[in-house]
Each structure stands twice: as C-alpha cells, then as structure tokens.
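A short write-up of the structure that comes next.
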Amino acid sequence: MTHLTYGDPIPEDFFDGARSRILDLQRDNGAIPWYDGGVIDPWNHTEAAMGLTVIGEVERARLAFRYLMETQLKDGSWWGQLGSAVPFDEDDHYTGGDEGAGKPIRDTNFTAYIATGAWHHYLITRDKQWLGTIWPHVEAAMQFVVAHQSPHGDIRWAANDPHTPEDDSLITGSSSIYKSLECAIHIAQELGKSSHDWAAARTRLGEALRDKPHRFDRTWESKARYSMDWYYPVLAGVITGEAARRRLASKWDIFVAEGKGCRCVLDQPWVTVAESAELVMALLVAGERQKAEALLSWQHQWRADCGAYWMGYQFVENVAWPAEKPAWTAAAVILATDAVTGATPASRLFAERTLAEAAE
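Numbering (our numbering), first residue to last: 285 to 644.
If you want it as structure tokens, here you go:
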C-alpha cells in the first residue's frame, strides 16, 4: 500500500487511471455522469471537476463548471440526478411536465456545492477573472439555499415542490451546505461583495447542527446508520478540536473496518472508497493526521487494473460492489490525497475549517 504524508510528492503517474476515468466519462457539453450510463447531479459533477483541477486538467474542469452555469435554473437551483428515469433532452434539460412521478428534485445541498467547487478552483488557479465570471451563478445558488433556512437555523433538504413535500433537514446535506457557505463567503470577500447575510446564515446553521438535533430527520427514519451523518459535521468544520475527536472516536469501531476503509452503513460489510476518502479529510480537520494517512493508504487496494477506483468493496463476499468506477469516487481520493500531502494551494480547504463563524 502507498503511504503518503504531508510534503510527500504524489508520484507522477499515480492518478493516471483516475484521470482517464473522469475524462472518459465527461461529455462534450462538460457534464460528468457518475459512471457509464449513469445519472448526472450537480454535487458529484462538481466533485469530479475539483478532482480534475487538482491533477492539472484546468480546462476540462472549466468545461464542467461551464456546464453548471449553462444548466442553472432561473431561481439559482439545479435539477438533481438528470437522466434517472426522467425525460431529458440531449443537452440534459428536463422535458417533462410540472408535476408527476419521476421529476427530479431541487436539492439545496446539490445547489450549494458550486461555491465549494468555485473557491477550490480559484485557490489553485488564482484566476480572478474566472471567479468573477462564475460569481453570479454562485450568488444565485446561495440565495436559493439561504431562502430555505428555517427560523431554527436548519436548511430544508429540497425546494418545496409538490413531489418533495417533506419539510425536513438532513445532517449530511446541511453540513455540506455549511462548508459551501464558508466558500461562498470567501468568494464574496475576494471580489469585494457583501457576505453578511451568508455569514449569519452559516452561524445559525452551525448552531442548529451542534445544538438542535431534533431539527433533523423529523419526518423520516433517522439517517444515523449512514457513516456520513457521523463524520460530515467534522469534515465541514461544524465541529472542531476535541469535540471533533470525540465524535469520530465514538463510532470509529462500528463504521471503520481495519485495513479496509469506512462502511457506508453500519450494518453492512461494505466499505466505500468515497466515504473513506471523506473520512480521511474529516480526520485531518480533527487533528488526527496519523489515522488519516493510514486510512488513505488502505484505499489504493481498491483500484481496478485500469487504475480507476471501484465504488466499494463487499468484504464478506470479497468482491468489488457495485461493479462501477464512479468519477466522483476517483475525485474524492484525489482530493483526500491533496489534503494529506499539501500538494496544491487548495489542500487546506478540506483539511481544516478556514473561516470562523460570524459570532466567533
């Protein structure tokens, strides 16, 4: 297993397979589906774009961001999971009616993630003109997201459409939004724009995630069996320091399979590479560098012969499962490796909280 630590150079050909996988999946219009024949969603698409930026594929990353700019809806949101048994034209535009089964959702977390991708891209390229070009799209997206914040601080999981009536919030999604607000504020400050409302929204969201657990999973079954609900508040910087270390220690033994990785769900013998890579970054935020380096080193055994990463591994049956190599899985490992080694100027973004809350 390859064991990398801070300051280590990433071997020149280390991510050739991951690079080829993302580039092969990317369409001419910039869209990056999950895998061959898979759906497209704004969050995983943006994750893949960030992976491209880290490995030097700046123009292909910008093509991906251009796709986001061209497909953004008038209210600042995006449809989720384009192509998932839903009618779309060849340019990935929804062609169905206003209501009905199968219509995609307008997810607040998916919408917010453009801010994280844009700030990450700027940290590496330092292209302020490009940042100014994407700014109106970031601003519209974040306005959509903040408009769905409740008086209690939590943010509704999706737009209040007829087919998404649940007035509820998700811990993982809200944590990711917290990080996206951090990035949106950085962008606004860099461009001399106002960010006061976003800073206040981020503070309220952080307070809700830390102190108001009753505001999440109110109308559906708890998502606590999913590892992301465990580590995402740490990864996003909602919980830091000793509290973060306690949180990760509290469920380490039930979610982490030694020598393999992080389970997706606690009751299945299935480690997933993307979740493992995200946990690597959460460990860095918590100051647990040795654990982060070890966990990252375990992931490289789940590479296919082509060098791309399998989605996960079922370790009772000893098979890669499902037999897919998603673009976002490759990107997650690239981002985690950057965070561990400090290879790019964006490496700190997912290794620490880079902005205090407004009241701090």
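Glycine residues also receive a C-beta, built at the ideal position from the N, C-alpha and C atoms.
Next item on the list: Please go through the same chain and pick out, in chain order, the residues whose beta-carbon is closer than 7 Å to the beta-carbon of ILE306, but skip the five residues on each side of it.
Entry: As a position in the sequence shown, residue 306 is number 22, starting the count at 1. Excluding residues within five positions, the ones whose Cβ falls inside 7 Å are ILE316, ALA332, GLY335, LEU336, ALA611, ALA614 and ALA615.
Next item on the list: Answer with buried or exposed for LEU550, where buried requires no fewer than 16 other C-beta atoms within 10 angstroms of its C-beta.
Entry: Position 266 of the sequence shown, counting from 1, holds the residue named residue 550. With fewer than 16 Cβ atoms within 10 Å of its Cβ, LEU550 is classed as exposed.
Notebook entry, point to check: If you draw a straight line from the C-alpha of PHE372 to the C-alpha of LYS507, how long is it?
Noted result: Counted from its first residue, the sequence shown places residue 372 at position 88. Counted from its first residue, the sequence shown places residue 507 at position 223. In this predicted model, PHE372 has a pLDDT of only 49, less than 50, meaning its place in the structure is not dependable; the value taken from the coordinates is given anyway. If you take the alpha carbons of PHE372 and LYS507, they lie about 31 Å apart.
Check: Under the three-state reduction of DSSP, which class applies to VAL600: helix, strand or coil?
Finding: The residue given as residue 600 occupies position 316 in the sequence shown. Three-state result, VAL600: coil.
Check: Is ARG303 helix, strand or coil by DSSP?
Finding: Stepping through the sequence shown from its first residue, residue 303 is reached at position 19. Helix.
Next item on the list: Can you give me the Cβ contacts of ARG488 inside the same chain, cut-off strictly under 6 Å, excluding the 5 residues immediately before and after it?
Entry: Taking the first residue of the sequence shown as 1, we reach residue 488 at position 204. GLY437, listed in sequence order.
Margin query: Let me make sure I understand the geometry here. Which of ALA592, ALA566, GLY596 and ALA588 has the alpha-carbon closest to that of ALA620?
Written below: The count along the sequence shown starts at 1 and reaches residue 620 at position 336. Among ALA592, ALA566, GLY596 and ALA588, the Cα nearest to that of ALA620 belongs to ALA566.
Next item on the list: Would you verify that the beta carbon of GLU474 is, or is not, closer than 8 Å to some beta carbon of chain C?
Entry: As a matter of chain content, chain C is missing from the structure shown, which is built from one protein chain.
Next item on the list: Quick one: which unbroken alpha helix (DSSP H) runs of 4-plus residues sit fully inside the segment 500–538? Chain order, please.
Entry: 511–519
Check: From ALA588, PRO449 and LEU519, pick the residue whose C-alpha is nearest to that of ALA660; which is it?
Finding: With the chain covering 285 to 644 only, the question about residue 660 has no answer from this structure.
Margin query: If contact is defined by three or more beta carbon pairs under 8 Å, each pair taking one atom from either stretch, is the segment 624–635 in contact with the segment 566–581?
Written below: yes
Next item on the list: Using the Cα positions of THR409 and ASN328, report the straight-line distance between them to the nearest angstrom.
Entry: As a first step, residue 409 is located in the sequence shown; it is residue number 125 there, counting from the start. As a first step, residue 328 is located in the sequence shown; it is residue number 44 there, counting from the start. So the two alpha carbons sit approximately 21 Å from each other.
Checklist line | Contacts around ILE461, its chain only, beta-carbon distance under 7 Å, and the 5 residues preceding and following it disregarded | finding: Against the sequence shown, residue 461 aligns to sequence position 177. Counting only Cβ-Cβ distances below 7 Å, and skipping sequence neighbours, we find THR392, ASN393, ALA396, VAL429, ILE439 and LEU489.
Check: For the alpha helix (DSSP H) that contains VAL429, what are its first and last residues?
Finding: Here residue 429 refers to the residue found at position 145 when the sequence shown is read from its first residue. Here the alpha helix (DSSP H) through VAL429 covers 412–430.
Check: Taking one C-beta from the segment 287–294 and one from the segment 358–367 each time, how about it: are there three or more such pairs within less than 8 Å?
Finding: no
Note to self: Give me the residue from PRO326, ILE389 and CYS548 with the minimum Cα distance to ALA561.
What the structure shows: Working through the sequence shown from its first residue, we reach residue 561 at position 277. Among PRO326, ILE389 and CYS548, the Cα nearest to that of ALA561 belongs to CYS548.
Item checked: Euclidean distance between Cα positions of HIS480 and ILE418 -> Stepping through the sequence shown from its first residue, residue 480 is reached at position 196. Stepping through the sequence shown from its first residue, residue 418 is reached at position 134. Roughly 20 Å separates the two Cα atoms.
Checklist line | Continuous beta strand (DSSP E) stretch holding VAL617: start and end | finding: The sequence position of residue 617 within the sequence shown is 333, counting from 1. It is not in any beta strand (DSSP E) - VAL617 instead sits in the alpha helix (DSSP H) that spans 611–625.
Item checked: Residues bridged to GLY545 [DSSP beta-bridge criterion] -> Start at 1 with the first residue of the sequence shown, and residue 545 comes out as number 261. Looking at the DSSP assignment, GLY545 forms a beta bridge with ALA541.
Next item on the list: Return helix, strand or coil for ARG587, following the three-state DSSP convention.
Entry: The residue given as residue 587 occupies position 303 in the sequence shown. Correct three-state label for ARG587: strand.
Item checked: Beta-carbon proximity list for ALA399, same chain, < 8 Å, skipping 5 on both sides -> If you number the sequence shown from 1, residue 399 lands on position 115. So the list reads VAL422, ALA425, MET426, SER464, LEU465, CYS467, ALA468 and ILE471, once near-sequence residues are dropped.
Item checked: Buried versus exposed call for GLN473 [16 or more other C-beta atoms within 10 Å across all chains shown] -> Translated into the one-based positions of the sequence shown, residue 473 becomes position 189. Counting Cβ neighbours within 10 Å, GLN473 comes out exposed, since fewer than 16 surround it.
Check: Would you call HIS498 buried or exposed, if buried means 16 or more other Cβ atoms sit within 10 Å of its Cβ?
Finding: Counting from one through the sequence shown, the residue named residue 498 turns up at place 214. Its Cβ having fewer than 16 others within 10 Å, HIS498 is exposed.
Checklist line | Extent of the continuous alpha helix (DSSP H) run through TRP482 | finding: Translated into positions along the sequence shown, residue 482 becomes position 198. Segment 480–495, the alpha helix (DSSP H) holding TRP482.
Next item on the list: Put ILE339 into one of helix, strand or coil per three-state DSSP.
Entry: For the purposes of this step, residue 339 is taken as residue 55 along the sequence shown, with counting starting at 1. DSSP places ILE339 in coil when its eight states are reduced to three.
Item checked: Helix, strand or coil at ASP325 [DSSP, three-state] -> In the sequence shown, the residue the question calls residue 325 occupies position 41. Coil, per DSSP.
Next item on the list: Could you name the residues of the same chain whose beta carbon sits closer than 6 Å to that of CYS590, not counting the 5 residues immediately before and after it, in chain order?
Entry: Indexing the sequence shown from 1 puts residue 590 at position 306. Excluding sequence neighbours, CYS590 sits near GLY301.
Notebook entry, point to check: Shortest alpha-carbon distance to ASP312 belongs to which of ARG346, ASP537 and GLU296?
Noted result: In the sequence shown, the residue the question calls residue 312 occupies position 28. Closest by alpha carbon: ARG346.
Check: For ASP451, which three-state DSSP category applies?
Finding: In the sequence shown, residue 451 corresponds to position 167, counting from 1. Correct three-state label for ASP451: coil.
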